[in-house]
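Here the structure comes first, spelled out in structure tokens, and everything after it is commentary.
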């Protein structure tokens, strides 16, 4: 429906990525919040995925907040969190 209305993409939960990709094709952009690396707490997220899972499902853009702004102490702060997330992304592509 969004594509039929002329939109270029949608914000969708990780569980909807594959269906949207099948229906709308590769040019339609999918932005997904609720991304939690394996080492991050799920917190209040009900529908979440790891960066690797979301990428393998076909997402275009990941929205990652608390795992970066408030990572576990052993991760090494926000910079360490971003490095670990980038490693996970690299392993998925």
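Numbering (this note's numbering), first residue to last: 194 to 286. Idealized CB from N, CA, C, for every residue including glycine. Just so it is clear, the structure is predicted and the values come from calculations on it, not from any experiment.
Close Cβ partners of residue i (< 6 Å) along its chain, the five nearest in sequence each way excluded
i           : result
residue 196 : 217, 221
residue 204 : 224
Residue from the options with nearest C-alpha to residue i
i           : options            : result
residue 250 : 214, 202, 260, 199 : 214
residue 274 : 285, 228, 286      : 228
residue 259 : 232, 219, 201, 209 : 232
residue 234 : 262, 200, 219, 208 : 262
Per-residue DSSP class, three states only, for residue i
i           : result
residue 247 : helix
residue 222 : strand
residue 228 : strand
residue 202 : strand
Cutoff 7 Å; reference residue i; Cβ partners in own chain excluding five residues on either side
i           : result
residue 211 : 250, 251
residue 255 : 225, 228, 244, 247
Euclidean distance between Cα positions of residue i and residue j
i           : j           : result
residue 242 : residue 230 : 8 Å
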